[in-house]
């Protein structure tokens, strides 16, 4: 129960109607016995039966009024913060509270270009990343809208996360398969340096004497994937690159590795 209005008057009326109904039932039973002995007419029995039916209908009507004054959650949910207090008068349209489902599944609605939407089907796996946690959460598409927004030329897609889902209303990023899966090398975005001669990164490697140095390596970059960027050419999987503080480096400078973040092959 979310909110219950004052039903004391209706409850008193209900008790009175229940008493009248019981009397009508008793009267009908008496009339039926008398009719078997010919002491009353069939019309009197019909009248008693009608009085019973009317009494029961009035009970049902009053019970419906009472039920309408009790607002219940339409599904299993957790109640949000409410500013409504007992005895407060409310106008029509006032929001009483909010509900958050607790069934363990959350829908994620997002938009994709119409070209990408063509290749999506119900059951297609996607990955959802929250702003607070970079760990991808597995989800599956459950519906693809048949309409295309005439302004943005995008289509709305709905995916479902089962268990461990972010709270409703959270801002998330969705990774959608837009083609065949390929192996790619990615590095942190802040590891890529751009200059007049093109893109480059600083690869961290030991020299002949075993000291760690930074070496500038030209690369060809591709699309961004969140906080990472794809390197199409110039790096091999497993090489260490400088991320934080890479803007301070120059060719051959000695460095001290502090919690390095490594670019690697990912699918």
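In our numbering, the protein residues as written are 87 to 353.
Backbone N, C-alpha and C define an ideal beta-carbon position, used for all residues, glycine too.
Keep in mind it's a predicted model, so treat the numbers as computed, not measured.
Worksheet entry | Whole runs of the alpha helix (DSSP H) within the stretch 261 to 289, excluding any shorter than 4 residues | none
Fill in: Whole-angstrom distance between residue 184 and residue 208, CA atom to CA atom
What you label residue 208 is simply residue 122 of the chain shown in a count that begins at 1. What you label residue 184 is simply residue 98 of the chain shown in a count that begins at 1. When rounded, the distance between both Cα atoms is 29 angstroms.
Worksheet item: Based on the DSSP output, what are the partners of residue 302 in its beta bridges?
Response: Here residue 302 is taken as the residue at index 216 of the chain shown, counted from 1. Its beta-bridge partners are 288.
Worksheet item: From the DSSP output, which residues share a beta bridge with residue 310?
Response: As a working note, residue 310 is residue 224 in the chain shown. In the DSSP output, where bridge partners are listed per residue, residue 310 has 315.
Practice prompt. With a cut-off of 8 angstroms on the beta carbons, I'd call residue 268 and residue 279 a contact; round off their distance for me.
Written response: Taking the chain shown and counting its residues from 1, one reaches residue 268 at position 182. Taking the chain shown and counting its residues from 1, one reaches residue 279 at position 193. At roughly 25 angstroms, the Cβ-Cβ gap does not stay under 8 angstroms, so residue 268 and residue 279 are not in contact.
Worksheet item: Given a threshold of 16 other Cβ atoms within 10 Å of its Cβ, counted over all protein chains shown, does residue 328 qualify as buried or as exposed?
Response: Position 242 of the chain shown holds residue 328. When all chains shown are included, residue 328 counts as buried.
Worksheet item: DSSP three-state call for residue 113: helix, strand or coil?
Response: As a working note, residue 113 is residue 27 in the chain shown. Reduced to three states, the DSSP call for residue 113 is helix.
Discussion item. Do residue 234 and residue 242 count as a contact pair if the criterion is CB distance below 7 angstroms?
Written reply: Mapped onto the chain shown, residue 242 falls at position 156. Mapped onto the chain shown, residue 234 falls at position 148. In this structure, residue 234 does not lie closer than 7 angstroms to residue 242 by Cβ.
Worksheet entry | residue 300 versus residue 257 - alpha carbon distance | Locating residue 300 in the chain shown gives position 214, counting from the first residue. Locating residue 257 in the chain shown gives position 171, counting from the first residue. Going from the Cα of residue 300 to the Cα of residue 257 covers about 37 angstroms.
Fill in: Alpha carbon of residue 101 to alpha carbon of residue 148, nearest angstrom
Against the chain shown, residue 101 aligns to sequence position 15. Against the chain shown, residue 148 aligns to sequence position 62. Their Cα atoms are separated by approximately 10 angstroms.
Worksheet item: In the structure shown, what three-state DSSP assignment does residue 181 receive?
Response: As a working mapping, residue 181 is identified with position 95 in the chain shown. Residue state, collapsed to three classes: coil.
Discussion item. Between the stretch 103 to 118 and the stretch 137 to 157, can you find at least three pairs of beta-carbon atoms closer than 8 angstroms?
Written reply: yes
Worksheet item: Under the DSSP definition of a beta bridge, which residues are partnered with residue 211?
Response: In the chain shown, counting from the first residue as 1, residue 211 sits at position 125. BP columns for residue 211 point to 226.
Worksheet entry | Beta-carbon contacts of residue 96 that lie in its chain and below 7 angstroms, excluding the five residues immediately before and after | Numbered from its first residue, the chain shown carries residue 96 at position 10. For residue 96, where only same-chain residues beyond five positions count, the Cβ hits under 7 angstroms are 148, 151 and 152.
Discussion item. Which residue wins for smallest C-alpha separation from residue 199, given the options 166, 178 and 239?
Written reply: Indexing the chain shown from 1 puts residue 199 at position 113. Measuring from the Cα of residue 199, the nearest candidate turns out to be 239.
Worksheet item: Rounded to a whole number of angstroms, what is the C-alpha to C-alpha distance between residue 89 and residue 182?
Response: If you number the chain shown from 1, residue 89 lands on position 3. If you number the chain shown from 1, residue 182 lands on position 96. Those two C-alpha atoms are separated by around 8 angstroms.
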